[in-house]
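What follows is a single structure, written as structure tokens, with notes after it.
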Amino acid sequence: MFSPGSRYAKETTYTVQTKRGVVTATTIPLPRQPQLLGFHRRLEGERLDYIATRHLSDPTAFYRLCDVSGTIAPDALAARELVGVPVTGT
Numbered sequence: 110m111f112s113p114g115s116r117y118a119k120e121t122t123y124t125v126q127t128k129r130g131v132v133t134a135t136t137i138p139l140p141r142q143p144q145l146l147g148f149h150r151r152l153e154g155e156r157l158d159y160i161a162t163r164h165l166s167d168p169t170a171f172y173r174l175c176d177v178s179g180t181i182a183p184d185a186l187a188a189r190e191l192v193g194v195p196v197t198g199t
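Laid out in structure tokens, this is it:
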């Protein structure tokens, strides 16, 4: 259901029968609050995957920027001037 690199890849999935058919679902755990290292001031047009690459060495780790910044949606974080950066390894 999730790509192998996803933070949800090891979560248990289950099947749900709905009126429209069968759906595979999973329970997504709430993220733990990572430790804040500091803030990155976004430049105009700077995308979250670039910021994640610069600070976390992984463009797909933008969700960690969301977690430490207290946002669920990347679009909400992309609208902010300051983006929280977590301590590496948290």
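Numbers in my numbering are just positions in the sequence shown, counted from 1, shifted up by 109. Backbone N, C-alpha and C fix where the C-beta goes; we use that ideal spot for every residue, glycine too.
If you drop the 5 nearest sequence neighbours on each side, which residues of the same chain put their C-beta closer than 8 Å to that of residue i?
i           : result
residue 191 : 148, 149, 150, 151
residue 131 : 124, 125
residue 114 : 169
Identify, in the order they occur along the chain, each residue of the same chain with its Cβ nearer than 7 Å to the Cβ of residue i, setting aside the five sequence neighbours on each side.
i           : result
residue 186 : 157, 174, 175, 178, 180, 192
residue 167 : 161
residue 165 : 173, 197
residue 200 : Because the chain in this structure spans residues 110 to 199, residue 200 falls outside the shown range and cannot be described.
residue 183 : 157, 171, 175
residue 159 : none
Between which two residues does the alpha helix (DSSP H) harbouring residue i extend?
i           : result
residue 196 : Residue 196 -> no alpha helix (DSSP H), and no H or E assigned at all.
residue 111 : First-last for residue 111: undefined, no H or E at that position.
residue 161 : 157-165
residue 187 : 183-187
So, using beta-carbon positions, are residue i and residue j closer together than 8 Å?
i           : j           : result
residue 133 : residue 117 : no
Just list the residues that DSSP pairs residue i with in beta bridges.
i           : result
residue 131 : 126
residue 148 : 193
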